Each structure stands twice: as structure tokens, then as C-alpha cells.
Amino acid sequence: MSAVLVLRLAGPMQSWGSDSRFTRRSTEVFPTKSALVGLLGAAQGRRRSDPIEDLAELSVAVRVDQPGQLLRDFHTAHRGETSMPLSHRFYRADAAFGAFIEGPDDMIDALAQAIVRPVFPLYLGRRSCPPTLPLRLAVREGSAWDAACETPWMASAYYQKKQRHEHFVRTRVVADLGIIPHEVAKTSQQTLQDMPISFDSENRKYTLRTVEETYIDLENPQYVESKPQAHPGFVHDPMEVL
């Protein structure tokens, strides 16, 4: 039987690079599979030279609940008295994602326990990006697709309140091939080089992964029905800035 580990990936900053090179460290707009495998491996205490094939075989879907904003950092460093080249590092600030990891139930249960009591510190793509709690939301039976559709919207309360006149919000789902059902319309398909083979610093390897995308509608718990304006031409809400 299969089970699904549901994670909430939120924090002040996140970075999910799939094609970072030299002095430019970019980020995707959603969590990559390599980063999720790294997070799970760190929770279990796996070192960079340890095998990760079993983790890489897990099926993964991510949901963009709060896209956040792109943040660029001009990073300087020194090695002794030598100045290193200026690097550009990109982050997603104030973002929230749902990660739905499907696999054998005994393996998912072990990973869920490790997430709560990790051996190594956990971070959202880079060591400078710690997660906020809760990180583990649930372990449930069924498929990653069902979990993505049924898990409540995980955006922050203030972000939900900004959309308070929207009863349902459209959220982007990016998933491994085979997760999104055939009858669901796909909006796009793309290939990423984020399938990890080895994290060994002397033999780091990644291969290509094809993902499909679609959108699902989630209920907004902060929804407030709009009331007709007595004077439609004049709208003033003194609490709007809050």
C-alpha cells in the first residue's frame, strides 16, 4: 500500500535551484525534487556519500499556495585575504508551498518520524533558509494527487485575507509524470535537471525529470462575501492597509 507525506514549506526565504552555475545561483518558483530528496535525507541522517536511490524513486507533487516575491542578494566572500567573485543569489521571499510525497507506507511513516526529529538541520533549499513550523502536516493514505486536492490552502493568514473576496483560489500544481490523472487538463509540461543521482561533493550528479502542471481551486477560509456599496463611486476602507 502507498501513503503520502504532506509537508508545508514556508519561511522568510527559500531557494530551489536547478541550474545554478558559478556566480549566478538562481531559484525555481517551486520546490525541486533534488531539494526535497536532500531534506528527507538530512532528516534521516544520511550523509552526502550515502545512497539516495530509494528517496529519488518517491513520487512528488508540489502546490504553489503562496508564490512570494523574487529576491536577489549580492553575495561577497573572502578566502583568507583574497576576495572571491561577487555572486548573485536568488530567493523566494514570503512564499508557501505544499509538498506531497507518495511512496510505500512503511517508508513514508519512517520519513514522517524523521521530519519531526531530524538528525541534521533542515532547510528550504539552502542552509540560510530555515523552515517555519509546522513542517510536517500529515501522513495519509491514497495518492499524492488526492492529497494535493484535499489539503486546505496553506497560504499565510494575511495573504488569504488579501484574497478575502475570492471564495476559491487557483493554485498551481507541478508533479512527476503519472500523478495528475489523465482526465485532468494539463497546462504545460517541462523538463528539469533536478533528479538527484548522487549528492557526493566529489561526484555530484543529476539527471532530467519531466513534470506536468495544472491548476486546482482551493477554498479560501478567509472568504467574506462582498456587500453592495451604498455609493458605488466612493470606496474608502480605513483598515485596508492592515
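Each residue of the sequence shown is one higher than the last, beginning at -6 in our numbering. Ideal placement from N, C-alpha and C gives every residue a C-beta, glycine not left out. Source: prediction; values computed, not measured.
If I measure Cβ to Cβ from residue i and keep anything under 8 Å in the same chain, skipping five residues before and after, which residues do I get?
| i | result |
| --- | --- |
| Asn213 | Trp146, Gln153, Gln156, Arg157, Glu159, His160, Phe161, Val162 |
Grab me the residues of residue i's own chain with a C-beta within less than 6 Å of its C-beta, minus the 5 sequence neighbours each way, in chain order.
| i | result |
| --- | --- |
| Ser(-5) | Glu95 |
| His68 | Ser80, Arg82 |
Hey, would you say residue i sits closer than 8 Å to residue j, going by beta carbons?
| i | j | result |
| --- | --- | --- |
| Val(-1) | Ala89 | no |
| Met6 | Ser121 | yes |
| Gln182 | Ser11 | no |
| Ala54 | Ala168 | yes |
| Arg119 | Ser194 | no |
| Tyr151 | Thr180 | no |
| Ala49 | Met188 | yes |
| Arg202 | Lys26 | yes |
| Pro127 | Leu117 | no |
| Thr20 | Tyr84 | yes |
Which residue or residues does DSSP assign as beta-bridge partners of residue i?
| i | result |
| --- | --- |
| Ala49 | Partner(s): none; Ala49 has no beta bridge. |
| Arg41 | According to DSSP, Arg41 bridges with nothing at all. |
| Gln7 | Arg85 |
| Ala(-4) | Gly96, Glu134 |
| Asp308 | As displayed, the chain neither begins before -6 nor continues past 235, which places residue 308 out of reach and without an answer. |
| Ala54 | Phe93, Ala168 |
Do you know how far the Cα of residue j is from the Cα of residue i?
| i | j | result |
| --- | --- | --- |
| Ala35 | Glu143 | 28 Å |
| Val109 | Arg65 | 31 Å |
| Arg40 | Trp138 | 30 Å |
| Ser136 | Ile172 | 8 Å |
| Val57 | Leu2 | 10 Å |
| Leu115 | Leu211 | 28 Å |
| Ser42 | Leu29 | 17 Å |
| Gln59 | Val204 | 20 Å |
| Pro113 | Glu206 | Going by the sequence as given, residue 113 is Phe instead of Pro. About 32 Å. |
| Met100 | Leu51 | 10 Å |
| Leu32 | Ala86 | 19 Å |
| Leu130 | Gln62 | 24 Å |
| Val242 | Ala92 | Since the first and last residues shown for the chain are -6 and 235, residue 242 lies out of range. |
| Arg18 | Pro24 | 15 Å |
| Pro97 | His175 | 23 Å |
Please tell me whether residue i has its Cβ less than 8 Å away from any Cβ of chain B.
| i | result |
| --- | --- |
| Ala105 | The structure shown has no chain B; it contains just one protein chain. |
Considering only residues of the same chain and omitting the five flanking positions on each side of residue i, which have a CB-CB separation below 7 Å?
| i | result |
| --- | --- |
| Ala107 | Ala36, Gln37 |
| Phe192 | Gly31, Arg41, Ile45 |
| Ser219 | His158 |
Whole runs of the alpha helix (DSSP H) within the segment 12 to 39, excluding any shorter than 4 residues = 26 to 37
Let me know the beta strand (DSSP E) ranges lying completely inside the segment 110 to 184, each 3 residues or longer, listed in chain order.
-> 129 to 134, 161 to 169
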